[in-house]
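Residue numbers (the working numbering), protein chains in the order written: chain A, 1 to 487; chain B, 1001 to 1486; chain C, 2001 to 2094. The C-beta atom is built at its ideal place from N, Cα and C for all residues, glycine as well. Values in this document were obtained by computation on a predicted structure and should not be read as measured data. Right, one structure below, let's go through it.
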Amino acid sequence: MQPYTLTIAESLDHLQKKELTSKDLVESCLQRINKTETKLHSFISVFEEKAMRRAEEEDNKRQQGQSGSLSGIPISIKDLLCAKDTATTCGSKMLENFISPYNATVVEKLENEGAVIIGKVAMDEFAMGSTSETCAFGVPDNPWKEGYITGGSSGGSASSVAGGQCLASLGSDTGGSVRQPASLCGVVGLKPTYGRVSRYGLVAFASSLDQVGPLTRDVRDCALMMNCIAGYDEKDSTSVKIDKGDFRQSLEAGVKGLKIGVPREYFGEGLNEDVEKIVRNGVAILEDAGAEVMDVSMPHTEYCVAAYYLIAPAEASSNLARYDGVVYGYRDGTADSLMDMYKQTRSQGFGDEVKRRILIGTYALSSGYYDAYYKKASQVRTIILNDYKKVFEQCDAIISPVAPTAAWKRGESADDPLALYLSDIFSLSANLAGVPGLSVPGGFTADGLPVGIQLQGPHFREDILLKLAYNIEKSTNLANVLPEIQQ
Amino acid sequence: MVLRQIRRQRYMMNFETVIGLEIHAQLKTRTKIFCGCALSFGDPPNSHTCPVCLGMPGVLPVLNKKVVEYAIKMGLATNSQINRFNQFARKNYFYPDLPKGYQTSQFDLPIVEHGSVEIDVDGSKKTIGITRMHMEEDAGKLIHDEREPLSYVDLNRTGTPLLEIVSEPDLRSPQEAYAYLKKIHAILRYLDICDGNMQEGSFRCDANISLRPVGQEEFGIRTELKNMNSFRNVQNALEYEVRRQRDLLLDGETIIQETLLWNPDSNRTESMRGKEDAHDYRYFPCPDLVPVEIDEAWIDAIRKTLPELPDERKNRFIEEYNLPEYDAVILTGSRELADYFETAARLCANAKKVSNWIMTELLRELKGEDISGCKVAPEQLGELIAMVEKGTISGKIAKTVFIDMMATGKDPAVIVKEKNLVQVSDEGELQAMVEEIVAANPDQAEQFRQGKTKVMGFFVGQLMKKTKGKANPKMANELFVRTLTE
Amino acid sequence: MKISRQEVEHVAHLARLNLSEDDLVKMTGQLDEILNYVAKLEELDTTDIEPTTHAFSVKNAYRDDIAQESLTQEESLRNCAVRNNEAFIVPRIL
């Protein structure tokens, strides 16, 4: 048994029984990284020395009976999360050498529970993208099929977990950036309810949409990660004071009597056949397990992309204004005037997708256009939120695809930004409404590419999603299934 | 030339000045508005900053409750409406002293609206409206290098809480503007929520000014004045700008809407034309901050903590100390001065005398400096006045003692003793000298007996000379009259 | 046409971005396409609908007025590309 193939729960069991040490576990992952990184390119930075040191510390602590709930577990972190005294690049030249003087709250929490942060992983630049191809420091590859995208923006999170390079990862989700790569790489990915997990230290893309979320090998591990990272943070004004309980509690409870809605707008033209089959199979699994399945409608689904692609870029244009070369980050030092410094710095530091979104966002907020664009989109957001409220009066959760297709070849989406935006259609509505969304592996396409099934629920009902996902997982037997990676 | 003069004469009295003031008051909280850095005063650059106020990636703001409390306080003290639901907005622009590339402020939902204050100009009262007040964060400071084309950025001040106070365009003269500025300043100081120091920058003022023909409802084109960093400069700048605009209008020119900087060295306003970029601030609600919802209980609790405000105190001074309004207005002009007055007045029976002393001697000797720097404690002033009342020294001598007190801070009794200034009121002692003087000046004595009462001044003067000013003037008068008419 | 080349130039200036001639042409085309798409929102009647800023409404998130430790001068300046030992340095604003 190779330690890197274990889940968190299994590892904790072995660690406690002294059948395994943290050093073994971390070493195994580091070796796996060494063997597979030239193919996968998951990591922007690997903390070999520090990780081994931490592993030793955890082994000592465990001997003294002082281990935390994630003691010695190797976890990767999307390079959008600040970790003290390490480079936090956000996949961008702009922050290539930015050393964060502080820890993100979620990173702090992981470390307090004894987790070993094994490295920072690749992502679309500033989290803007669905393929991770805009990463300035190497594009991660799908462990299931060479030359195929991992999805994005948390692509490195997905590939590092699916590739066995670590046991779990923290990513971020603004329009599907945890769920979609999870779906495309065959792992579990959860976007918590907005306000459930602290955003302090998560470099902001779209503040009212961003959430940190775990990517794990199975549903139980997802619950374990949530137990650690969820919770009110006084440093995040948008964080909600709500009891987190124990996310593992309801897992085994069974789904009898739960009402599952199948929103008809998610199943139509553009949805890949294999994907549809896999999702409908998920519906059948739940029905067999005693859930009541019903047809529901989310009538404004077709407007989600438009609303999102005004709100997110608008907030992003403001959030990214701080990257001006003055206090930190890349600066074009050759500029003579301040104006030139600003323009050259930002034009050289940012990639095209980031620039595109900054332009749309600036335009949507600008004088004369604010009402027609940003305000209008915010009003449509209310309408979409109401769709969710209405649907959750009828059912406990809705089930749908995460994305219209499975992974595709790298380089294929380069020239058509709008088409790429449209592929987010099933995932971004959860961000607009702030509801939790989870992707659980559902099966594979005929080409052998993973497809995830998405569950969405009412605010703060991650427990329902975990329960449903656990049941699907039991039936599909897809928990912790890792691909073979040719070396 | 003649035509122009005729035109001028025709229009000379016909313009009305319209002024609105925008005040930024730095609030005296312990920490910044959105982070826990202590407020900075003259500290080494960039030593009072943290990831939040530096705008580092990933940081988030959290609102300092005290800032809200102070804003509500100021709203209550100005008869304003407290908006129970208000929120923050981002004002987006690029500048090196603004690390996030936006200023967190309030736009369409400010915390306070529709208030007013009363001002007193040359005895007539007027109500000036306050359009709104809102909370926002201050920016950092830029220092320009003397020789190299560089600027140094110090971000200690970023995140300092500001209360922006916008008046209605109700002011009709630079004088009114000055009075309004003083009034707002006094209220802020009475509430002790702001240091109110224009030179240090804790109290700043920009003005909008336009002229319009009397009777016209529409406002004229306005200019914005900045860089006025004292009360006097505000009035001077406005007076200059009124003249400048009037001259242009009289010549048939149009006013260019622009921002002008006051130059205190050349005493002129100067155009920033060409240097300023038209800003599109792209205001939108700040998604990192949640709305502020204020409940009645909190407002009531704050209302109970309001101290006596300038107008209330003025009225009380009139009632309690029997002072004329004129005195009460001056004495309550600042909280410190009002406190000073009351401390002194409680020590001696004659409040009016204390008021006179303060309004004439004290304010003159202070030469415009703040009373907190005054070497004479109110108790000492009270003592001095009590000494005059008792007759220990004459009023005239007291004035010289006072000047000494201002210079040294010594007690009046000490000075009087040191300089041997105790008034001579011993009738016997004085009578002897009076007789000497009368005998030595027979001509003047005769003049007096003939009815030239003005000569008394000469005689009293002689006695004062002999006693080095210490003779009790009343007694001197009586003794001379008696002696001369015997 | 939803957005013109001049408008893109203006917006780029507001956002402090330089666009090469090629980029300007390409971006204008792409932005035009995107804005054409999002115009879809006009199909919805949003009269009297309140805009949503926060999907889940939290109010009154405050902190107490108690001082926390600041960074040292060196820590604040550490990530700056052009600095001396006490300040960030920028080219002079003319």
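Asked                                                                                                                            : Found
Interface partners of GLY1368/B on chain A, CB under 9 Å                                                                         : Those do not exist, as GLY1368/B stays about 39 Å from chain A at its closest Cβ, beyond 9 Å.
Closest residue to GLY437/A among LYS39/A, PRO458/A, SER423/A, ASN272/A (Cα-Cα distance)                                         : PRO458/A
Close Cβ partners of LEU1306/B (< 8 Å) along its chain, the five nearest in sequence each way excluded                           : LYS1073, LEU1076, ALA1077, LEU1191
THR382/A at chain C interface by Cβ criterion, 8 Å                                                                               : yes
Close beta carbons around TYR4/A, own chain, < 7 Å, minus the five adjacent residues each side                                   : SER28, CYS29, ARG32, GLY164
Secondary structure of THR405/A, DSSP reduced to three states                                                                    : coil
Spatial neighbours of GLY472/A in its chain, beta-carbon cut-off 8 Å, leaving aside the 5 residues before and after              : In the sequence as presented, Gly is not what sits at residue 472/A; that position holds Ile. Excluding residues within five positions, the ones whose Cβ falls inside 8 Å are GLY282, ILE285, LEU286, VAL440, GLY442, ILE453.
Neighbourhood of ASP1327/B by C-beta, 7 Å cutoff - its chain only, sequence neighbours within 5 removed                          : SER1355, MET1359
Chain-ordered chain A contacts of GLY1101/B [CB-CB under 7 Å]                                                                    : ALA321, ARG322, ASP324
CB contact check: ASN2018/C to chain B, cutoff 8 Å                                                                               : no
Whole-angstrom C-beta distance between PHE1034/B and VAL1068/B, which should lie under 8 Å                                       : So it is not a contact: roughly 12 Å between Cβ atoms.
HIS2054/C versus PRO1291/B: straight-line alpha-carbon distance, rounded                                                         : 10 Å
Near-chain C residues of the stretch 360-378 of chain A - C-beta to any C-beta below 9 Å                                         : ILE360, GLY361, THR362, TYR363, ALA364, SER366, ALA372, TYR373, TYR374, LYS375, LYS376, ALA377, SER378
Touching by the beta-carbon criterion (3+ pairs, under 8 Å), the stretch 313-324 of chain A and the stretch 1100-1120 of chain B : yes
Closer than 7 Å at the beta carbon, the chain C residues around PRO1285/B                                                        : THR2053
Residues sharing a beta bridge with TRP1262/B, DSSP                                                                              : THR1269/B
Per-residue contacts from GLY1055/B into chain A (C-beta, under 8 Å)                                                             : ARG322, VAL327
Proximal residues to ASP424/A (C-beta, below 8 Å), its chain only, five neighbours per side dropped                              : SER130, GLY175, GLY176, GLN180, VAL305, TYR308, ALA403
Buried or exposed by the 16-neighbour rule on C-beta atoms within 10 Å, applied to GLY1382/B                                     : buried
CA nearest to the CA of PRO302/A, picked from LEU2077/C, LEU2044/C, ILE2003/C                                                    : It should be pointed out that residue 302/A corresponds to Glu in this sequence rather than to Pro. Closest option to GLU302/A, Cα to Cα, is LEU2044/C.
Check whether GLY329/A and GLY361/A have beta carbons under 8 Å apart                                                            : no
Amino acids of chain B, ordered along the chain, whose beta-carbon sits closer than 9 Å to that of GLY129/A                      : Within chain B, no residue comes near GLY129/A; the closest Cβ sits about 18 Å away, beyond 9 Å.
Residue environment, ARG217/A, which counts as buried when at least 16 other CB atoms sit within 10 Å                            : buried
Three or more C-beta pairs below 8 Å linking the stretch 1307-1319 of chain B and the stretch 260-267 of chain A                 : no
When VAL2038/C, PRO2051/C, GLN2068/C, GLU2021/C are compared against GLY1036/B, the one with the closest alpha-carbon            : GLN2068/C
Spatially closest choice to THR345/A from GLU2086/C, LEU2024/C, VAL2082/C, by CA coordinates                                     : VAL2082/C
Sufficient close CB pairs (3 or more, under 8 Å) joining the stretch 148-168 of chain A to the stretch 182-193 of chain A        : yes
Pair within 8 Å by beta-carbon distance, MET341/A and ASP332/A                                                                   : yes
Closer than 7 Å at the beta carbon, the chain A residues around MET2027/C                                                        : ARG356, LEU359
Coil, strand or helix - PRO1110/B by DSSP                                                                                        : coil
Within chain A, the residues that GLU2086/C reaches when beta carbons sit closer than 9 Å                                        : Those do not exist, as GLU2086/C stays about 14 Å from chain A at its closest Cβ, beyond 9 Å.
Any alpha helix (DSSP H) of 4 or more consecutive residues that is wholly inside the stretch 316-390 of chain A                  : 338-349, 352-365
Amino acids of chain C, ordered along the chain, whose beta-carbon sits closer than 9 Å to that of PRO1096/B                     : PHE2088, VAL2090, ILE2093
Inside the stretch 1413-1441 of chain B only - alpha helix (DSSP H) runs reaching at least 4 residues                            : 1427-1440
Within 8 Å, strictly: CB atoms of THR2052/C and SER378/A                                                                         : yes
Neighbour-count burial assignment, ARG1482/B, 16 or more Cβ in a 10 Å radius                                                     : exposed
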